[in-house]
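Residue numbers (the working numbering), protein chains in the order written: chain A, 7 to 262; chain B, 7 to 262.
Quick reminder that beta carbons are idealized off the backbone N, C-alpha and C, glycines included.
Note that the structure is predicted; figures quoted are calculated from it, not measured.
See structure below.
Number of protein chains: 2
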Amino acid sequence: MKIVILGSGNVATQLGVALKTSGNEILQVWSRNQGNAEALALKLSAGSLSNLTFLSPDADVYFIAVKDDAIPAVASGFNLKDKLLVHTSGTTGIEVLKNASTRTGVFYPLQTFSKNKAVDFSAVPIAVEGSSPEVSEILTRVGEQISGKVIIMDSRQRKASHVAAVFACNFSNHLYTLSKEILEGNGLDFDLIRPLIAETAGKIKEMEPEEAQTGPARREDSLTINRHLEFLQDNDRLKQLYRLFSESIIWKHRAE
Amino acid sequence: MKIVILGSGNVATQLGVALKTSGNEILQVWSRNQGNAEALALKLSAGSLSNLTFLSPDADVYFIAVKDDAIPAVASGFNLKDKLLVHTSGTTGIEVLKNASTRTGVFYPLQTFSKNKAVDFSAVPIAVEGSSPEVSEILTRVGEQISGKVIIMDSRQRKASHVAAVFACNFSNHLYTLSKEILEGNGLDFDLIRPLIAETAGKIKEMEPEEAQTGPARREDSLTINRHLEFLQDNDRLKQLYRLFSESIIWKHRAE
Chain A
7 MKIVILGSGN VATQLGVALK TSGNEILQVW SRNQGNAEAL ALKLSAGSLS
57 NLTFLSPDAD VYFIAVKDDA IPAVASGFNL KDKLLVHTSG TTGIEVLKNA
107 STRTGVFYPL QTFSKNKAVD FSAVPIAVEG SSPEVSEILT RVGEQISGKV
157 IIMDSRQRKA SHVAAVFACN FSNHLYTLSK EILEGNGLDF DLIRPLIAET
207 AGKIKEMEPE EAQTGPARRE DSLTINRHLE FLQDNDRLKQ LYRLFSESII
257 WKHRAE
Chain B
7 MKIVILGSGN VATQLGVALK TSGNEILQVW SRNQGNAEAL ALKLSAGSLS
57 NLTFLSPDAD VYFIAVKDDA IPAVASGFNL KDKLLVHTSG TTGIEVLKNA
107 STRTGVFYPL QTFSKNKAVD FSAVPIAVEG SSPEVSEILT RVGEQISGKV
157 IIMDSRQRKA SHVAAVFACN FSNHLYTLSK EILEGNGLDF DLIRPLIAET
207 AGKIKEMEPE EAQTGPARRE DSLTINRHLE FLQDNDRLKQ LYRLFSESII
257 WKHRAE
């Protein structure tokens with residue numbers, strides 16, 4: 007298929023590379039910043055532009071991969087009314103595109119993207135939504151070129167999966183950062199905890215998370231919980247998180 | 007070496023197995039519950055008992071591996087005053103043992119233990135503290151039999167590493183549980199997020215967590231944050247955590 011990428015950030019880059027690698031032709035890369043458009047276009051052997059009026063009308067799919075709050079502006083500059091226009095946001099509804107084209111969709115890869123780390127798309131679930139069955143089918147086909155798991159989801163389910171991903175991924179990673187802060191504040195190295203992080207996530211490949219739960223809150227070991235809160239007494243941010251998590255773990259466990 | 011294990015839970019089991027596998031002799035397993043003592047003793051080809059007065063005086067090290075709040079009771083029942091008595095708690099100071107023996111120590115494996123999943127001890131850091139250099143040396147030697155990483159730590163550092171482990175491990179795992187709750191509440195399967203969990207933790211093998219941070223809070227994308235809070239509006243527990251994490255991620259990033 008012939009594809010245009012609108013955007014030049016992490017998602018645009020990784021998606022562009024995956025689509026090209028699986029045999030599609032990337033016609034153009036657009037970015038508000040011409041330099042960024044050129045840099046990604048070079049990787050994808052595509053043309054580059056920073057003015058939406060010069061978009062090629064020859065692509066089969068136009069992927070918007072920009073920050074959520076920039077989607078409306080890109081959509082309103084899109085003037086190929088019958089062309090398939092798709093965004094890649096977990097949280098934005100499909101309706102944001104409805105004035106831009108008669109054929110719209112969403113193509114949301116459930117993964118965390120960093121610029122410096124290539125992602126193996128074959129293991130990345132892709133949530134697809136189309137304004138019509140024809141669009142859903144095209145996007146499913148594109149998705150299956152790069153991923154082993156394509157799921158049709160409505161906008162509410164997609165938002166739920168994004169929120170779930172924020173909890174499981176972004177917030178977990180922040181816990182690693184806080185853990186590093188605690189260690190280094192006491193003259194200890196973060197390497198100490200790296201095997202534990204691998205083990206904790208590794209368990210989830212086989213186990214359900216509620217079964218894998220361990221620790222003082224799971225045991226309702228209030229002696230240890232209070233010692234930890236005392237240890238954290240000078241840091242309100244950490245103490246508040248510690249308390250909230252402990253309450254939530256106890257609550258969840260009792261509700262099982 | 008000759009060893010006695012006082013306790014029969016997850017830590018007692020995994021530690022006992024690791025010590026035996028690396029060539030030590032487990033003389034006895036004590037548990038308040040005779041049935042539990044026997045079950046573990048069977049695995050370790052050891053004797054079993056539920057009365058501390060019948061402890062063998064022939065061991066080189068006596069490991070207490072019981073819940074933190076049960077340590078004082080076990081210590082006060084220990085009547086082999088010159089024998090090396092060691093607990094395995096991250097949060098309890100060495101001084102809890104000081105009336106029980108003249109030679110005391112701490113041997114704390116930094117890992118999450120589940121009964122049903124064997125742990126590869128070679129990758130588990132072990133924090134060691136001794137009441138004297140002689141004790142520290144013995145415990146270091148025992149540690150090195152089962153682990154590639156033995157670190158001498160004082161009680162405050164050990165507590166810090168336990169708190170750090172609770173954040174990085176117990177709380178992350180609870181985030182997986184919450185993520186599952188959100189998915190299933192919207193007719194989606196937790197499998198959807200499993201690759202993401204593996205990828206998120208996998209990054210930390212090579213990257214620093216503050217560099218690996220992604221997501222709406224990291225980008226200070228208030229549009230998405232507000233949409234997520236609105237999505238969570240009926241669940242105070244999740245909303246409070248979402249808000250606290252987002253604030254903390256933004257705070258941390260700005261402080262860098």
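query = Where G154 of chain B and L46 of chain A are concerned, what is the direct C-alpha to C-alpha distance, given to the nearest angstrom?
reply = Within the second sequence, residue 154 of chain B is the residue found at index 148, counting from 1. Within the first sequence, residue 46 of chain A is the residue found at index 40, counting from 1. Rounded to whole angstroms, G154 of chain B to L46 of chain A spans 44 angstroms at the Cα level.
ask   = chain A partners of D227 of chain B, CB-CB under 8 angstroms?
value = The residue you call residue 227 of chain B lines up with position 221 of the second sequence. Simply K73, D74 and D75.
request  = Taking A170 of chain A and I188 of chain B to be in contact with their CB atoms under 8 angstroms, please state how far apart those CB atoms are, rounded to whole angstroms.
outcome  = For the purposes of this step, residue 170 of chain A is taken as residue 164 along the first sequence, with counting starting at 1. For the purposes of this step, residue 188 of chain B is taken as residue 182 along the second sequence, with counting starting at 1. Going by Cβ atoms, the distance from A170 of chain A to I188 of chain B rounds to 4 angstroms, so yes, they are a contact pair.
query = When you compare only the Cα positions, how much space is there between T94 of chain A and T146 of chain A?
reply = Here residue 94 of chain A refers to the residue found at position 88 of the first sequence. Here residue 146 of chain A refers to the residue found at position 140 of the first sequence. Using only the alpha carbons, I get a separation of about 14 angstroms.
request  = Count the CB pairs spanning the region 12–24 of chain B and the region 201–209 of chain B that are closer than 8 angstroms, and state whether there are at least three.
outcome  = no
task = Kindly say whether Q163 of chain A, judged by its beta-carbon, lies nearer than 8 angstroms to any beta-carbon of chain B.
result = Within the first sequence, numbered from 1, the residue matching residue 163 of chain A stands at position 157. Yes, because at least one Cβ of chain B sits closer than 8 angstroms to the Cβ of Q163 of chain A.
Proximity test, Cβ basis, 8 angstroms: G22 of chain A and chain B = The sequence position of residue 22 of chain A within the first sequence is 16, counting from 1. With 8 angstroms as the cut-off, G22 of chain A does not count as an interface residue toward chain B.
ask   = Exposed or buried, which one is F60 of chain A when buried takes at least 16 other CB atoms within 10 Å?
value = Taking the first residue of the first sequence as position 1, residue 60 of chain A is located at position 54. Per the 10 Å Cβ criterion, exposed.
task = Could you have a look at L50 of chain B and say whether DSSP puts it in helix, strand or coil?
result = Along the second sequence, one-based indexing puts residue 50 of chain B at 44. It is coil, neither helix nor strand.
key: Beta-carbon separation (whole angstroms), T183 of chain A vs E216 of chain B, contact threshold 8 angstroms   = By 1-based counting over the first sequence, the position of residue 183 of chain A is 177. By 1-based counting over the second sequence, the position of residue 216 of chain B is 210. Rounded, the Cβ-Cβ distance is 5 angstroms, consistent with contact.
inquiry  = Per the DSSP calculation, H93 of chain A is bridged to which residue(s)?
reply    = On the first sequence, position 87 is the one that residue 93 of chain A refers to. A:I70 and A:V112.
key: Rounded C-alpha distance that separates L244 of chain B from D66 of chain B   = Position 238 of the second sequence, counted from the first residue, corresponds to residue 244 of chain B. Position 60 of the second sequence, counted from the first residue, corresponds to residue 66 of chain B. Those two C-alpha atoms are separated by around 50 angstroms.
query = CA-CA distance, R38 of chain A and N30 of chain A?
reply = The residue given as residue 38 of chain A occupies position 32 in the first sequence. The residue given as residue 30 of chain A occupies position 24 in the first sequence. About 24 angstroms.
request  = Give the C-beta separation of Q163 of chain A and G193 of chain B to the nearest angstrom, bearing in mind that I take them to be a contact with Cβ-Cβ under 8 angstroms.
outcome  = Reading the first sequence from its first residue, position 157 is the one you call residue 163 of chain A. Reading the second sequence from its first residue, position 187 is the one you call residue 193 of chain B. That belief holds up - the Cβ atoms of Q163 of chain A and G193 of chain B are roughly 7 angstroms apart, short of 8 angstroms.
For L33 of chain A and M7 of chain A, the rounded distance between their alpha carbons = Position 1 of the first sequence, counted from the first residue, corresponds to residue 7 of chain A. Position 27 of the first sequence, counted from the first residue, corresponds to residue 33 of chain A. Distance between the alpha carbons of M7 of chain A and L33 of chain A is about 10 angstroms.
request  = Determine, using beta carbons only, whether A43 of chain A and S56 of chain A come nearer to each other than 8 angstroms.
outcome  = For the purposes of this step, residue 43 of chain A is identified with residue 37 of the first sequence, where counting begins at 1. For the purposes of this step, residue 56 of chain A is identified with residue 50 of the first sequence, where counting begins at 1. Closer than 8 angstroms, so yes.
request  = Counting only the same chain and skipping the five closest in sequence on each side, list residues whose C-beta sits under 6 angstroms from that of A166 of chain A.
outcome  = For the purposes of this step, residue 166 of chain A is identified with residue 160 of the first sequence, where counting begins at 1. Answer for A166 of chain A: no residue qualifies.
query = Just reading off the alpha helix (DSSP H) that A79 of chain B is part of, what are its end residues?
reply = Reading the second sequence from its first residue, position 73 is the one you call residue 79 of chain B. I77 to G83 is the extent of the alpha helix (DSSP H) around A79 of chain B.
inquiry  = For the pair the region 77–84 of chain A and the region 125–139 of chain A, tell me if three or more CB-CB distances fall below 8 angstroms.
reply    = no
Closer than 8 angstroms to chain B by CB, F237 of chain A = In the first sequence, the residue the question calls residue 237 of chain A occupies position 231. Answer yes: the Cβ-Cβ gap between F237 of chain A and chain B drops below 8 angstroms somewhere.
query = Mind checking D74 of chain A: buried by the 16 CB within 10 Å criterion, or exposed?
reply = As a working mapping, residue 74 of chain A is identified with position 68 in the first sequence. Answer is buried; the Cβ neighbour count reaches 16.
request  = Hey, could you find the ends of the alpha helix (DSSP H) L250 of chain A is sitting in?
outcome  = Indexing the first sequence from 1 puts residue 250 of chain A at position 244. Its alpha helix (DSSP H) spans residues D242 to A261.
query = Contact check, L250 of chain A vs L247 of chain B under 8 angstroms by CB: the rounded distance?
reply = Numbered from its first residue, the first sequence carries residue 250 of chain A at position 244. Numbered from its first residue, the second sequence carries residue 247 of chain B at position 241. At roughly 6 angstroms, the Cβ-Cβ gap stays under 8 angstroms, so L250 of chain A and L247 of chain B are in contact.
inquiry  = Would A124 of chain B and A207 of chain A qualify as a contact pair, given that the criterion is a beta-carbon distance under 8 angstroms?
reply    = Position 118 of the second sequence, counted from the start, is the residue given in the question as residue 124 of chain B. Position 201 of the first sequence, counted from the start, is the residue given in the question as residue 207 of chain A. No.
task = Could you tell me whether the Cβ atoms of F113 of chain A and F69 of chain A are closer together than 8 angstroms?
result = Locating residue 113 of chain A in the first sequence gives position 107, counting from the first residue. Locating residue 69 of chain A in the first sequence gives position 63, counting from the first residue. Closer than 8 angstroms, so yes.
message = Would N35 of chain B and A52 of chain B be called neighbours here (beta carbons separated by less than 8 angstroms)?
response = Working through the second sequence from its first residue, we reach residue 35 of chain B at position 29. Working through the second sequence from its first residue, we reach residue 52 of chain B at position 46. This sequence places Val at residue 35 of chain B; Asn is not what is there. Their beta carbons are under 8 angstroms apart, which means V35 of chain B touches A52 of chain B by this criterion.
query = Alpha carbon to alpha carbon, what distance is there between S178 of chain B and H259 of chain A?
reply = Within the first sequence, residue 259 of chain A is the residue found at index 253, counting from 1. Within the second sequence, residue 178 of chain B is the residue found at index 172, counting from 1. If you take the alpha carbons of H259 of chain A and S178 of chain B, they lie about 15 angstroms apart.
ask   = In terms of alpha-carbon separation, which member of B:D197, B:A218 and B:R225 lies closest to M213 of chain A?
value = In the first sequence, the residue the question calls residue 213 of chain A occupies position 207. Checking every option, the nearest Cα to that of M213 of chain A belongs to B:D197.
query = Using Cβ-Cβ distances below 9 angstroms, what residues of the region 48–69 of chain A are close to chain B?
reply = none
query = M159 of chain A to V17 of chain B, Cα distance in whole Å?
reply = Here residue 159 of chain A corresponds to residue number 153 of the first sequence, with the count starting at 1. Here residue 17 of chain B corresponds to residue number 11 of the second sequence, with the count starting at 1. Between M159 of chain A and V17 of chain B, the C-alpha separation is close to 43 angstroms.
ask   = Which residue from B:Q151, B:L48 and B:G83 puts its Cα closest to that of L58 of chain B?
value = For the purposes of this step, residue 58 of chain B is identified with residue 52 of the second sequence, where counting begins at 1. Of the candidates B:Q151, B:L48 and B:G83, the one whose C-alpha sits nearest the C-alpha of L58 of chain B is B:G83.
task = Assuming R109 of chain A contacts S138 of chain A (C-beta within less than 8 angstroms), just tell me the rounded distance between them.
result = Here the question's residue 109 of chain A lines up with position 103 in the first sequence. Here the question's residue 138 of chain A lines up with position 132 in the first sequence. Contact flag correct, Cβ pair sits at about 7 angstroms.
query = How would you list, in chain order, the residues of chain B whose beta-carbon sits under 7 angstroms from the beta-carbon of Y182 of chain A?
reply = Taking the first sequence and counting its residues from 1, the one referred to as residue 182 of chain A is at position 176. Simply A174, I210 and P215.
key: Beta-ladder partner(s) of V10 of chain B, from DSSP   = On the second sequence, residue 10 of chain B is found 4 positions in, with the first residue counted as 1. Answer is B:Q34 and B:Y68.
task = Go ahead and pull the three-state DSSP assignment for G136 of chain B.
result = Along the second sequence, read from residue 1 onward, the residue named residue 136 of chain B stands at position 130. If DSSP states are grouped into helix, strand and coil, G136 of chain B belongs with the strands.
message = So S142 of chain B and I100 of chain B are supposed to be a Cβ contact under 8 angstroms. How far apart are they, rounded?
response = For this step, residue 142 of chain B is matched to residue 136 along the second sequence. For this step, residue 100 of chain B is matched to residue 94 along the second sequence. Their Cβ separation, rounded to whole angstroms, is 11 angstroms, which puts S142 of chain B and I100 of chain B out of contact at 8 angstroms.
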